[in-house]
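The sequence shown begins at -11 in this note's numbering and counts up one residue at a time.
Beta carbons are placed, not taken as given, at the ideal position from N, Cα and C, and that holds for glycine.
Quick caveat, the model's predicted, so the values are computed rather than measured.
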Amino acid sequence: MSYRPDPSYFTGSLAEVDPAIAAALEAETARQREGVELIASENLVSRATLEAIGSPMVNKTVEGYPGGRYYGGAEYADVVERLAIERAKELFGASYANVQPHSGSQANLAVFLAFLAPGDTILSMDLSAGGHLSHGAGPNISGKWMNPVHYGVNEDGWLDYEDLKAKALEHRPKMVIAGGSAYPRAIDFETFRQVADEVGAILLVDMAHWAGLVAVGAHPDPLPHADVVTATTYKNLRGVRGGLILSGRDDLDRKLDAAVFPGVQGSVILNAVAAKAVCLGEALRPEFADYAHAVLANARVLAATLVEREVDVLTGGTDTPLLLIDLRKVRLTGAAASDALEEAGLTANKNGVPDDPQPPKITSGLRFGTSAGTARGFGEDEFTAIGHGIADVLESMTSGDQVSVASRIRAMVGEMCERFPIYTSG
Ligand code: DSN
-11 MSYRPDPSYF TGSLAEVDPA IAAALEAETA RQREGVELIA SENLVSRATL
39 EAIGSPMVNK TVEGYPGGRY YGGAEYADVV ERLAIERAKE LFGASYANVQ
89 PHSGSQANLA VFLAFLAPGD TILSMDLSAG GHLSHGAGPN ISGKWMNPVH
139 YGVNEDGWLD YEDLKAKALE HRPKMVIAGG SAYPRAIDFE TFRQVADEVG
189 AILLVDMAHW AGLVAVGAHP DPLPHADVVT ATTYKNLRGV RGGLILSGRD
239 DLDRKLDAAV FPGVQGSVIL NAVAAKAVCL GEALRPEFAD YAHAVLANAR
289 VLAATLVERE VDVLTGGTDT PLLLIDLRKV RLTGAAASDA LEEAGLTANK
339 NGVPDDPQPP KITSGLRFGT SAGTARGFGE DEFTAIGHGI ADVLESMTSG
389 DQVSVASRIR AMVGEMCERF PIYTSG
């Protein structure tokens, strides 16, 4: 039986071939154009990055690393992956980089495989204090297969270094993890190093939420202190979904490479690696330093505006692109507040706060981030207006004029987004 592809297979547009999916994608682009994105783990990639991830590189299968693949035809795959590795090393001053992890969680899993055995003790920030699922939370493989012990935050929301030290001495973990997903303050990596050394532990820093700031010196650099650093490329590095593993040590290359492949992953998602290379290249340009410094300045303005409006901002501010608010005093839940903000064109995520009485799908907090808004050009004026918009919506939830407030803020959001357009076709 012979087969000839329909000519449209290589030429037909998505709208012609699959109108239902095309319509959903177009609607999502419009949603992003017309709303203010405050989810701390989101950003807006460049047109060049979109081109890279949508290229026929998606067709190529390789396993292994540049120069040592298990499949033929890898010449250009090697060019792309080598560039991504070199750019990551240059951007962070690292001696080792692995650009293959499909996500931050996969990057962390590979680091566990490299250094730990099932049942080993890991010491990390409690999920409810701002830690991450992949750092030993109960439902995650890291919580099921390791013996997780957690440090927390004090009553003002700041990382409790005394708790860290006490837990390390009591449990003598094989690995200590710094970093998380909702902790807004800079972490003292030197103290973490001392604690890890005191008990002979590996120090892993997960810098997913502030990697872009580290790249430009707007945040303390974990590389000189950590054995291994993991990151994601889609937050303030302003790139596609995916993970990175970095190290300043020159004796871990083989161990870490083997832990990613064949340890926890098979073939490489090469179009994602190409897109990571593009975002890392963009991050090496001077324009990116301006962007990353603005992300931090905007986060501080947003936090200060909310504090001025008497919103309970954990720790009273931020040293990172994210901030967390506690809604317990105003008797609101994160779920209800996030829905109300969405009605007003402001997208954020509900988030647990320390000692949260609510379950994870409800929560008592909201997390905000400034990476995506800054990418479209919002500055301190816009984030001040956004802060007042958030405060107005929250107040309206207890004072009864929620519909008219949502409609006023939605109009303000629409006007702001029109002034800072994204993905225009021209
Ligand atoms: N770790 C999740 C977050 O912080 O939103 C996804 O990146």
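{"Query": "For Leu294, the first and last residue of its enclosing alpha helix (DSSP H)", "Result": "Pro274 to Glu296"}
{"Query": "Below 5 Å from a heavy atom of the ligand DSN - residues by beta-carbon", "Result": "Ser29 and Ser169"}
{"Query": "6 Å Cβ shell around Ala199 - same chain, five flanking residues per side excluded", "Result": "Ala219 and Leu225"}
{"Query": "For Arg57: DSSP bridge partner residues", "Result": "Gly52"}
{"Query": "Exposure label - Asn259; buried when at least 16 CB within 10 Å", "Result": "buried"}
{"Query": "Stretch pair the stretch 52 to 67 + the stretch 385 to 401: three plus CB contacts closer than 8 Å", "Result": "no"}
{"Query": "N- and C-terminal bounds of the beta strand (DSSP E) containing Leu311", "Result": "Leu310 to Asp314"}
{"Query": "Assigned secondary structure, Ile175 (DSSP; H/G/I helix, E/B strand, else coil)", "Result": "coil"}
{"Query": "Whole-angstrom C-beta distance between Ala28 and Arg355, which should lie under 8 Å", "Result": "5 Å"}
{"Query": "Contained beta strand (DSSP E) runs [length at least 3] in the stretch 375 to 400, N- to C-terminal order", "Result": "none"}
{"Query": "Coil, strand or helix - Leu268 by DSSP", "Result": "helix"}
{"Query": "Best match in Gly402, Gly119, Cys267 and Lys132 for proximity to Asp194 [C-alpha to C-alpha]", "Result": "Gly119"}
{"Query": "DSSP bridge partner residues for Leu147 (one or two, in chain order)", "Result": "Val141"}
{"Query": "Whole beta strand (DSSP E) elements within the stretch 162 to 231, 3-residue minimum", "Result": "163 to 166, 190 to 194 and 216 to 220"}
{"Query": "Proximity to Val99 [Cα-Cα], best of Glu383, Phe249 and Pro212", "Result": "Phe249"}
{"Query": "Alpha carbon of Ile257 to alpha carbon of Gly42, nearest angstrom", "Result": "12 Å"}
{"Query": "Cβ neighbour criterion (16 or more within 10 Å) applied to Phe(-2)", "Result": "exposed"}
{"Query": "N-terminal and C-terminal residue of the beta strand (DSSP E) that Gly131 is part of", "Result": "Here Gly131 belongs to no beta strand (DSSP E); instead the alpha helix (DSSP H) covers Ile129 to Trp133."}
{"Query": "Residues bridged to Glu25 [DSSP beta-bridge criterion]", "Result": "Thr335"}
{"Query": "Proximity below 8 Å, CB of Asn31 to CB of Ala379", "Result": "no"}
{"Query": "Span of the alpha helix (DSSP H) around Ala85", "Result": "Segment Tyr84 to Asn86 is the beta strand (DSSP E) holding Ala85; no alpha helix (DSSP H) there."}
{"Query": "C-beta atoms of Ala323 and Lys349 nearer than 8 Å", "Result": "yes"}
{"Query": "Cα-Cα separation, Ser326 to Leu310", "Result": "16 Å"}
{"Query": "Collapsed DSSP secondary structure at Met45 in the structure displayed", "Result": "helix"}
{"Query": "The beta strand (DSSP E) enclosing Gly361, as first and last residue numbers", "Result": "Unbroken run through Gly361 is the alpha helix (DSSP H), Ser359 to Ala363; no beta strand (DSSP E)."}
{"Query": "Where Leu71 falls: helix, strand or coil (DSSP)", "Result": "helix"}
{"Query": "Cα-Cα separation, His376 to Thr17", "Result": "26 Å"}
{"Query": "Asp369 (DSSP reduced to helix, strand or coil)", "Result": "helix"}
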